[in-house]
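The structure appears below as structure tokens.
There are 2 protein chains.
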Amino acid sequence: MLKLAILGFLHDRPLHGYELRRHLAALTGHVRPISDGTLYPAIKRLETDGLLVRETEPGTTAAPRHTLHLTEAGRAALLGRLREPEQLDISDENRWFTVLAFLRHLDAEPAAQAAVLRRRLDFLSEPASFFYDGTRPIGAEEVGDPFRRGLLLIARATSEAELTWLRGTLAELERTAP
Amino acid sequence: MLKLAILGFLHDRPLHGYELRRHLAALTGHVRPISDGTLYPAIKRLETDGLLVRETEPGTTAAPRHTLHLTEAGRAALLGRLREPEQLDISDENRWFTVLAFLRHLDAEPAAQAAVLRRRLDFLSEPASFFYDGTRPIGAEEVGDPFRRGLLLIARATSEAELTWLRGTLAELERTAP
DNA sequence: AGAACATACCTCGAACCCGAGGTATAGCGA
DNA sequence: TCGCTATACCTCGGGTTCGAGGTATGTTCT
Numbered sequence: 001m002l003k004l005a006i007l008g009f010l011h012d013r014p015l016h017g018y019e020l021r022r023h024l025a026a027l028t029g030h031v032r033p034i035s036d037g038t039l040y041p042a043i044k045r046l047e048t049d050g051l052l053v054r055e056t057e058p059g060t061t062a063a064p065r066h067t068l069h070l071t072e073a074g075r076a077a078l079l080g081r082l083r084e085p086e087q088l089d090i091s092d093e094n095r096w097f098t099v100l101a102f103l104r105h106l107d108a109e110p111a112a113q114a115a116v117l118r119r120r121l122d123f124l125s126e127p128a129s130f131f132y133d134g135t136r137p138i139g140a141e142e143v144g145d146p147f148r149r150g151l152l153l154i155a156r157a158t159s160e161a162e163l164t165w166l167r168g169t170l171a172e173l174e175r176t177a178p
Numbered sequence: 001m002l003k004l005a006i007l008g009f010l011h012d013r014p015l016h017g018y019e020l021r022r023h024l025a026a027l028t029g030h031v032r033p034i035s036d037g038t039l040y041p042a043i044k045r046l047e048t049d050g051l052l053v054r055e056t057e058p059g060t061t062a063a064p065r066h067t068l069h070l071t072e073a074g075r076a077a078l079l080g081r082l083r084e085p086e087q088l089d090i091s092d093e094n095r096w097f098t099v100l101a102f103l104r105h106l107d108a109e110p111a112a113q114a115a116v117l118r119r120r121l122d123f124l125s126e127p128a129s130f131f132y133d134g135t136r137p138i139g140a141e142e143v144g145d146p147f148r149r150g151l152l153l154i155a156r157a158t159s160e161a162e163l164t165w166l167r168g169t170l171a172e173l174e175r176t177a178p
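First to last, the protein sequences are chains W and U.
Mapping of the first sequence onto the UniProt record's numbering: position 37 corresponds to residue 37, and the numbering continues sequentially without gaps.
Mapping of the second sequence onto the UniProt record's numbering: position 148 corresponds to residue 148, and the numbering continues sequentially without gaps.
Shown next, in the form of structure tokens:
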């Protein structure tokens, strides 16, 4: 997920680590702040995988900044991952939001964008609860515990908002690329 | 988060690993399935920390089942963690849902329950976006990218649903324990 | 001139998590 | 009786993440 976010930001324009850190903090920081000890090793991994290169520029600032550029392989990896996200990217809200944040990089392939949205739609359409009576999902109305009831109510409200948005956006995408 | 969930389930009644696995699968499985390689080491950690004990019962079933019992220290750890969740438990939706799923274990202390809900309310009340123009949060209306706009719309809908629920439940808790 | 802060990068150990694989037994249908 | 599936548990290696700490240099305030 971090990998996806880094590639996504670098696709727009080259950045150095510190800027990247600020972008990431804005995107996911209030929910899950990412630390230096996470970011810099991740950058190094992407570098050894050949997805980005760093160019040391002796700038005017404090330490020597390493500007990070996406390579062609990096661009391909990003687009590939956006085209075919793994199941966790679809089901886990944090990861899904990251996918959404960068899905416009697939603007050249509206059909691929629609396919991704449809996967999320299918996932949300499955009848799933957090609590079961045997195999039957339990609805919010049946739960005595007010906190669990709240959990189900919130989850349902989210689902519904997202489903309407998904249906609307899919219709629009299909108008563009029939 | 896994730790919290295990302790939470065992607080209701002793379970063996396999049952625990099924409970966990129901609670978080559709979003983020947890594997054996995650569960069993976690159980072992909790055991060495003295939060649970396993009692081997030579039952009628296939392999010898280890029924897991919460110790007094385990109960204390669970309640302590529910009383004072770390910030990630408040901000990350997955973790927060886990807290909610077990918050009724604090039923004897409605004031503590209210305090936890109020922390989440404070967190959601902060003006936070995913995208910024400098330091000013950008609203959904200003975003051109339809996917990012969707992201913001969904986040806002969730927030609003949760805020109404939080306010209502808090009012109710305060009626119980003024 | 000195303190304080922001910029910029990096390392390390500990913890954690996952997937793949392994070991059993029980029960059921072919 | 053979194989399949479900139950039940466990290990291992590889990878990821975190927090705490370290090292510089510039800018700003006092």
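C-beta: ideal position from N, C-alpha, C; glycine also.
All of these numbers come straight from a predicted model, not from anything done at the bench.
Here R45/W carries a helix assignment [DSSP, helix/strand/coil]. The three-state reading of DSSP puts P127/U in coil, since its state is none of H, G, I, E or B. Collapsing the DSSP output to three states places T98/W in a helix. For T67/U, no alpha helix (DSSP H) run applies; the uninterrupted beta strand (DSSP E) run containing it begins and ends at 65-70, by DSSP. In the DSSP assignment, no residue is bridged to H23/U. Look at H30/W here: in three-state DSSP terms it is coil, with no helix or strand label. The C-alpha of I43/W is placed about 12 Å away from the C-alpha of Y18/W. Below the 8 Å Cβ cutoff, chain W contributes L100, A101, R104 as neighbours of R148/U, in chain order. At a cut-off of 8 Å between beta carbons, F9/W makes no contact with chain U.
When the beta-carbon positions are compared, G150/W and T169/U come within less than 8 Å of each other. About 7 Å separates the Cβ atoms of H105/W and L79/W, confirming a contact at the 8 Å cut-off. In this structure, L153/U lies away from L70/U, with their beta-carbon atoms at least 8 Å apart. According to the DSSP assignment, G150/W belongs to the alpha helix (DSSP H) that extends over 146-176. Chain U places a beta carbon closer than 8 Å to that of S91/W, counting this residue as a contact. The criterion of a C-beta distance shorter than 8 Å is not satisfied by S159/W and L103/W.
Looking only at D36/U, L4/U, E109/U, L121/U, the smallest Cα-Cα distance to L173/U is reached by E109/U. Under DSSP, R54/U forms a beta bridge with L68/U. Close CB contacts of R156/U within its chain, under the 7 Å cut and outside five residues either way in sequence, are with A140 (chain order).
Under a 10 Å Cβ-count criterion, S35/U is classified as exposed, with fewer than 16 other Cβ atoms of the shown protein chains found around its own Cβ. Neighbourhood of R32/W in chain U, by CB distance below 8 Å: L88, S91, D92, in chain order. Around the CB of T98/U, 16 or more other CB atoms lie within 10 Å, so the residue is classed as buried. Along the region 150-177 of chain U, going in chain order, the ones with a CB nearer than 7 Å to a CB of chain W are G150, L151, L153, I154, A157, T158, A161, E162, W165, T169. Judged by their CB atoms, L7/W and G74/W are nearer to each other than the 8 Å cut-off.
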